[in-house]
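Written below as C-alpha cells is the structure these notes are about.
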Amino acid sequence: MSEIELKFEEALDRLEEIVNNLESGGLTLEQSLEKFSEGVKLIKFCNQELNKAEKKIEMVLSEEEEFTRVIPYIDEED
C-alpha cells in the first residue's frame, strides 16, 4: 500500500477484497502474507480515521449548549 491519500470507504472496500482473497484460498504463502500485511495497514488506517471522526463528533457536541456531556460508546456485543 502506497502513501497515496486514501478515503475511509476505499480502504474498507479494499480490506473486504483482501479478506475475500484470503478466504477463497489459492494464494501462495508469500501472497497470503503480503495480503495480510496490507490488510493490517488498512485496519490501522481505518481505526485512525474512525478515531478522528469520533473526536470531531465530540467537538461538535461539546460546542452545542444542550450537548455538554459526552457519553462514550460501549459495544454491547463484546
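Position 2 of the sequence shown, counted from 1, bears residue number 702 in our numbering, the numbering being contiguous throughout.
For each residue, glycine too, the CB sits at the ideal point set by N, CA and C.
N- and C-terminal bounds of the alpha helix (DSSP H) containing residue i
i	result
E723	708 to 724
Cα-Cα separation, residue i to residue j
i	j	result
E738	L750	18 Å
S724	L742	20 Å
E717	L727	14 Å
Q748	N720	23 Å
D713	I757	24 Å
M701	L722	Summary for M701: the model assigns pLDDT 46, below 50, so the residue's position carries little reliability, and this model does not support an answer.
S762	E709	27 Å
Contact test: residue i Cβ vs the ligand NAP heavy atom, cutoff 7 Å
i	result
I743	Because no ligand of any kind appears in the structure shown, any question about the ligand NAP cannot be addressed here.
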